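Protein chains in written order, with the numbering used here: chain A, 5 to 356; chain B, 5 to 356.
Built from N, CA and C at the ideal position, the CB exists for glycine as well.
For clarity, every value in this text was computed on a predicted model and none was experimentally measured.
Structure first, commentary second.
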DNA sequence: GTGAAAGCGCTAACAT
DNA sequence: ATGTTAGCGCTTTCAC
């Protein structure tokens, strides 16, 4: 049972000092492992143990100016990509002795700006933020932030903030080229919303890879939609009229939807149509057949963002004055959904 | 650009007081919306705005004894079940003006106890914890916790703590009965580790439903394994020798593994074998065919846990002295993976 | 209505 | 080696 101190609540260094018959300064020193005489140490430690003393982190923060808390703000924890980041950041934070505050912004700009501004309340020592769009207001808030910030995402040049970005242009190209190399020639593209940075990048990678492979850009093979399995299924169903032999999707949820639509249409994967997604989330391995997917390094981005932030927090003057930007390279993870169809021959020869 | 105050850092009420030519007490009153003369209010508000003042939450917490932070401790954010809980808790916390601290315990008992004990550091006003096993040490730590705690999980009677539990006995029975009613007679069970509370409950529900349906318990149809797609696939592959016509799995990951093993063995789902999982996570809809799954109400459990906690924090004296326990009812979500096989006839008549 | 001052629990400079 | 004391930034009596 926890013994109560004088504050009507928990024991403080004062309770310990009284009980041990020493000053509060000695208590503080002993508790912080600074020098003290052997018997003083013993008295204090015994008293602390008996009282079930736990140092008040708030008081310590007020004094020290640091909370040992980090904040991660992302659009939606429901998305596996952000889960991967949370996990990586949490791990890094824990290892460095920091707690992690989570903030869901629902991709609302005002909310993101609020998080940035609230750094002024000194609740956390630093922030990793993952905005989906970057407005001028963001850049402004980033510049005047009251604590170190690392952005996961692509910032305009000269933004003056540490950032970690994925290379989705290359990532998308990787997938398209792979589909080409495994014999696909009519490669459809189910993209997410067009007005986001990642949306544009993926479109760019798709076009570039097509050109490189000598394939023409066919408007009828491209569609934009919201993220989500349903959306992916709907979009793919519409695409079928254009007779694709592969469907490349801007994320795994869309790809799962595509797979569903193809199954429903009686088309075999990868026999008739290959499917590839992006993010390489847990979902990719869940599908049947398991999905080929481009790993954009969510975990790695989270890890690096945390590293950058912690590094700056460790550095005495706040670290380097020039902001650093790192790019995480994409990685194609090939699974059964894009196996070459050559061995089995054309679809009409084996389908009932 | 943020103007700097005297602390070498951010502006404080002192900076504002000086600039506005009033006392710090007046500043505090104005900022907290207490009574003040019109021109005082104006002077203070102008000064605050000009300085870009943001109140220091740490100082406020030290004074007020509340941090407006909640902690959620769960085994692993990688599991969709906990993601659902985080999401629900985060939403409730945000709505009530609380921030959310996330803590991954990796299901390590020492870590869970550490979280409980660390409530003494006053970093958060309350805790929702989701332990996978409950030891005596847990009960002890729960009883002496320095702040309100709500447990998501099943506690022994008289534990003296608020809790929210799932009813996995009924949930498992729901699935088994459904399989029976759709014509299955050899219902296999891929369970998680045997030494956890949920593991035992699910086994109990499985046995009870079998008995109720008049089916015998066949040892060869039951297997325990770790959670995970791979484990599920391996376990199911081993089960095949016992010729099941349905595989019920203790969670969706296992069920996806089962589906993979069945596909690999050339068995049709649900034509030859039906598959059902538990949790009704995002994964259930990702599979092909989409999986029937028992929703154990992760979101609802998170929501209710947060409610219980917030209620206690709102109550003046810490709320009701008698702990409350609520149970969230399971719900069977039927999808294609358990469609009755009657219409299509026995497997040997249509399989090549 | 407003200001002076106490104090939340802690650390650290200074004095002994 | 140990005690005294001054704050960290804020809220809140208590006088005026």
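Show which residues of chain B have a CB atom less than 9 Å away from the CB atom of residue i.
i, result
"residue 125 of chain A", "58, 59, 60, 61, 62 and 64"
"residue 203 of chain A", "Here the premise fails: no neighbours, minimum Cβ distance about 22 Å."
"residue 359 of chain A", "Given that chain A is displayed from residue 5 to residue 356, the structure contains no residue 359 of chain A and the question cannot be resolved."
"residue 267 of chain A", "292 and 293"
"residue 307 of chain A", "In chain order: nothing, as chain B lies at least about 14 Å away."
"residue 260 of chain A", "289, 290, 291 and 292"
In chain order, what residues of the same chain have a beta carbon less than 6 Å from the beta carbon of residue i, not counting five sequence neighbours either side?
i, result
"residue 355 of chain A", "In this predicted model, residue 355 of chain A has a pLDDT of only 38, less than 50, meaning its place in the structure is not dependable enough to derive any value."
"residue 338 of chain B", "296"
"residue 116 of chain A", "109 and 135"
"residue 264 of chain A", "237"
"residue 47 of chain B", "24"
"residue 340 of chain B", "293 and 294"
Which residues in chain A sit within 8 Å of residue i, going by Cβ to Cβ distance?
i, result
"residue 142 of chain B", "Those within 8 Å of residue 142 of chain B in chain A number zero; the least Cβ separation is about 16 Å."
"residue 85 of chain B", "Ordered by position in chain A, no residue passes the 8 Å Cβ test against residue 85 of chain B, which lies about 12 Å from the chain."
"residue 121 of chain B", "58"
First and last residue of the alpha helix (DSSP H) that includes residue i?
i, result
"residue 61 of chain A", "61-68"
"residue 87 of chain B", "84-99"
"residue 267 of chain A", "256-268"
"residue 225 of chain A", "Run containing residue 225 of chain A: none; DSSP gives neither H nor E here."
"residue 107 of chain B", "Not the alpha helix (DSSP H): residue 107 of chain B falls in the beta strand (DSSP E), residues 103-108."
"residue 280 of chain A", "Run containing residue 280 of chain A: none in the alpha helix (DSSP H); it sits in the beta strand (DSSP E), 278-282."
"residue 23 of chain A", "17-24"
"residue 31 of chain B", "28-35"
"residue 166 of chain B", "Looking at the DSSP string, residue 166 of chain B is not in any alpha helix (DSSP H); the run it does join, the beta strand (DSSP E), is 166-170."
"residue 119 of chain B", "113-121"
"residue 149 of chain B", "Looking at the DSSP string, residue 149 of chain B is not in any alpha helix (DSSP H), and its letter there is neither H nor E."
Kindly list the residues whose CB is nearer than 7 Å to the CB of residue i, restricted to its own chain and excluding five residues on each side of it in sequence; keep chain order.
i, result
"residue 350 of chain A", "Its pLDDT being 44, under 50, residue 350 of chain A is placed unreliably by the model, and nothing is read from it."
"residue 51 of chain B", "20, 23 and 24"
"residue 313 of chain A", "74, 130, 132, 152 and 154"
"residue 231 of chain B", "196, 255, 257 and 258"
"residue 345 of chain A", "187, 274 and 275"
"residue 224 of chain A", "246"
"residue 330 of chain B", "168 and 308"
"residue 70 of chain A", "129"
"residue 100 of chain A", "314"
Quick one: what's got a C-beta closer than 8 Å to residue i's C-beta in the same chain, skipping five residues either side?
i, result
"residue 220 of chain A", "214"
"residue 91 of chain A", "303 and 306"
"residue 173 of chain B", "205, 206, 208, 209 and 212"
"residue 234 of chain A", "261"
"residue 269 of chain B", "241 and 244"
"residue 327 of chain B", "163, 164, 165, 166 and 167"
"residue 301 of chain A", "170, 332, 333, 334 and 335"
"residue 61 of chain B", "71 and 72"
"residue 120 of chain B", "131, 133, 142, 145, 146, 149 and 153"
"residue 190 of chain A", "222, 225, 246, 247, 248, 249 and 250"
"residue 81 of chain B", "87, 90, 106 and 108"
For residue i, go through chain B and note every residue whose CB falls closer than 8 Å to its CB, in chain order.
i, result
"residue 108 of chain A", "91, 94, 95 and 98"
"residue 233 of chain A", "289 and 290"
"residue 81 of chain A", "87, 90, 91 and 94"
"residue 71 of chain A", "62"
"residue 105 of chain A", "73, 103, 104, 105 and 106"
Please list, in chain order, the chain B residues whose beta carbon lies closer than 7 Å to that of residue i.
i, result
"residue 263 of chain A", "292"
Starting from residue i and walking both ways along the beta strand (DSSP E), at which residues does that stretch end?
i, result
"residue 77 of chain B", "73-78"
"residue 233 of chain A", "Element bounds for residue 233 of chain A: not the beta strand (DSSP E) but the alpha helix (DSSP H), 233-243."
"residue 131 of chain A", "130-133"
"residue 48 of chain A", "That residue, residue 48 of chain A, is in no beta strand (DSSP E); its alpha helix (DSSP H) goes 42-55."
"residue 163 of chain A", "Neither: residue 163 of chain A is in no beta strand (DSSP E) and is coded neither H nor E."
"residue 58 of chain B", "Here residue 58 of chain B belongs to no beta strand (DSSP E), and DSSP marks it neither H nor E."
"residue 250 of chain A", "250-253"
"residue 156 of chain B", "153-156"
Since residue i meets chain A, which of its residues come closer than 7 Å, beta carbon to beta carbon?
i, result
"residue 313 of chain B", "Within 7 Å Cβ-Cβ: nothing; residue 313 of chain B doesn't reach chain A, min ~16 Å."
Run through the region 179-221 of chain A for me and flag every whole beta strand (DSSP E) of 3 or more residues, listed as ranges in chain order. 191-195
Touch test, the region 176-184 of chain B against the region 138-157 of chain B, Cβ-Cβ under 8 Å, three pairs minimum: no
The region 278-298 of chain B contacting the region 30-48 of chain B, beta-carbon criterion three pairs below 8 Å: no
Should the region 282-301 of chain B be regarded as contacting the region 71-85 of chain B, the criterion being three or more beta carbon pairs within less than 8 Å? yes
Enumerated in chain order, which unbroken segments of the beta strand (DSSP E) with a length of 3 residues or greater are wholly contained in the region 269-344 of chain A? 278-282, 296-299, 329-332 and 335-337
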